[in-house]
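Student: First residue of the sequence shown? That's 1 in UniProt numbering, and the numbers climb one at a time after it.
Idealized CB from N, CA, C, for every residue including glycine.
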Amino acid sequence: QMQSSNSEQTQLQVRESRASQFAVALQPWRHVLVRADAVLHWERPLAFGCLLAGLTLAFALMAVARPAPLACLTLLCLLAVTADFAVPKLLAPLLLGESWTEADQACYTAVCRRLSARGDSLAAAIRRIFAIRRYRPRAFALGAGAALLAVALIGASVSGLLLGYVAALGALLWPGVSRYGLLRRALSDLRHSAGGGK
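#1: Have a look at A194, H192, L182 and R18 and flag the residue whose alpha-carbon is nearest the alpha-carbon of W42.
#2: Suppose you measure from the CA of E102 to the CA of L79; what does that come to, to the nearest Å?
#3: Ordered along the chain, which non-local residues of its own chain (more than five positions away) have a Cβ less than 6 Å from that of Y108?
#4: Look up G160 in the DSSP assignment and say whether it is helix, strand or coil.
#5: Are the CB atoms of F48 and G164 within a distance shorter than 9 Å?
#6: Can you tell me whether S116 is buried or exposed? The criterion is at least 16 other CB atoms within 10 Å of its CB, across all chains shown.
#7: Reducing DSSP to helix, strand and coil, say where H192 ends up.
#8: Would you check if the distance between the CB atom of C112 and the CB atom of S178 is smaller than 9 Å?
#9: Considering just the uninterrupted stretch of the alpha helix (DSSP H) at G119, what are its terminal residues?
#10: Given this structure, state the Cα-to-Cα distance separating Q9 from L26, to the nearest angstrom.
#11: Consult DSSP for L51 and reduce its assignment to one of helix, strand or coil.
#12: Classify A92 as buried or exposed, calling it buried when 16 or more other Cβ atoms lie within 10 Å of its own Cβ.
#13: Return the CA-CA distance between S193 and Y180, expressed in angstroms with no decimal places.
#14: Using three-state DSSP, classify A92 as helix, strand or coil.
#15: If you reduce the DSSP assignment to three classes, tell me which class S99 lands in.
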């Protein structure tokens with residue numbers, strides 16, 4: 001029990017250290033991250049609605065213009081580079097102000113902890129995949145082949161732009177859906193209705 005307690009304490013310290021590293025690295029974006037967190041968790045419905053409308057408009061314009069994939073990739077990279085320079089240094093102070101409260105700091109710390117936890121989960125998933133590849137190569141080959149074949153079939157039958165829109169929409173909706181437990185509630189209702197039907 002003592003060793004287990006020490007191990008848990010060490011893991012907690014490691015997680016806090018990583019969260020602190022995230023907080024330092026994302027310091028210029030702290031105002032934006034706190035506001036974006038509130039929007040993505042549906043605390044500001046009007047702003048979230050505008051975000052969804054902007055996403056839909058952007059994909060509608062791409063559907064009309066039909067730009068080349070390389071042009072889309074270049075434009076996305078250009079937007080990312082421009083935002084990385086302009087948003088924290090120019091737009092955030094102008095639009096969001098310089099005020100920073102204890103509540104903002106608490107929210108920022110929570111955001112950094114969530115980002116750190118997502119990074120740890122992603123790293124653990126990648127390690128599991130490589131472990132399967134090393135110790136169970138046949139299962140890895142079959143699973144990877146089936147997954148890639150499924151993606152190829154879906155891509156051949158459904159527009160890539162539509163898939164991109166659904167993926168982006170799901171990414172925007174997921175924080176709010178997860179926070180309010182809508183997916184669990186829907187699955188629970190589905191199980192109850194299926195049980196009642198029997």
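Tutor: Straight from the coordinates:
#1: As a working mapping, residue 42 is identified with position 42 in the sequence shown. Measuring from the Cα of W42, the nearest candidate turns out to be L182.
#2: Along the sequence shown, one-based indexing puts residue 102 at 102. Along the sequence shown, one-based indexing puts residue 79 at 79. Put simply, the backbone Cα of E102 is about 32 Å away from that of L79.
#3: Within the sequence shown, the letter at position 108 stands for residue 108. Answer for Y108: R30 and V34, listed in chain order.
#4: Residue 160 sits at position 160 when you count from the first residue of the sequence shown. Residue state for G160 is assigned as helix, using DSSP reduced to three classes.
#5: Position 164 of the sequence shown, counted from the start, is the residue given in the question as residue 164. Position 48 of the sequence shown, counted from the start, is the residue given in the question as residue 48. No. Outside cutoff.
#6: Here residue 116 refers to the residue found at position 116 when the sequence shown is read from its first residue. Buried.
#7: Position 192 of the sequence shown holds residue 192. In the structure shown, H192 adopts helical secondary structure according to DSSP, grouped into three states.
#8: Translated into positions along the sequence shown, residue 112 becomes position 112. Translated into positions along the sequence shown, residue 178 becomes position 178. The answer is no: Cβ separation not under 9 Å.
#9: Stepping through the sequence shown from its first residue, residue 119 is reached at position 119. Run containing G119: E102 to Y135, per the alpha helix (DSSP H) assignment.
#10: Against the sequence shown, residue 9 aligns to sequence position 9. Against the sequence shown, residue 26 aligns to sequence position 26. Each residue's Cα considered, the two are about 26 Å apart.
#11: If you number the sequence shown from 1, residue 51 lands on position 51. Correct three-state label for L51: helix.
#12: Within the sequence shown, the letter at position 92 stands for residue 92. Per the 10 Å Cβ criterion, buried.
#13: Counting from 1 along the sequence shown, the entry for residue 193 is found at position 193. Counting from 1 along the sequence shown, the entry for residue 180 is found at position 180. When rounded, the separation of the alpha-carbon atoms in S193 and Y180 is 21 Å.
#14: On the sequence shown, residue 92 is found 92 positions in, with the first residue counted as 1. A92 falls in the helix class under three-state DSSP.
#15: Locating residue 99 in the sequence shown gives position 99, where the first residue counts as 1. If DSSP states are grouped into helix, strand and coil, S99 belongs with coil.
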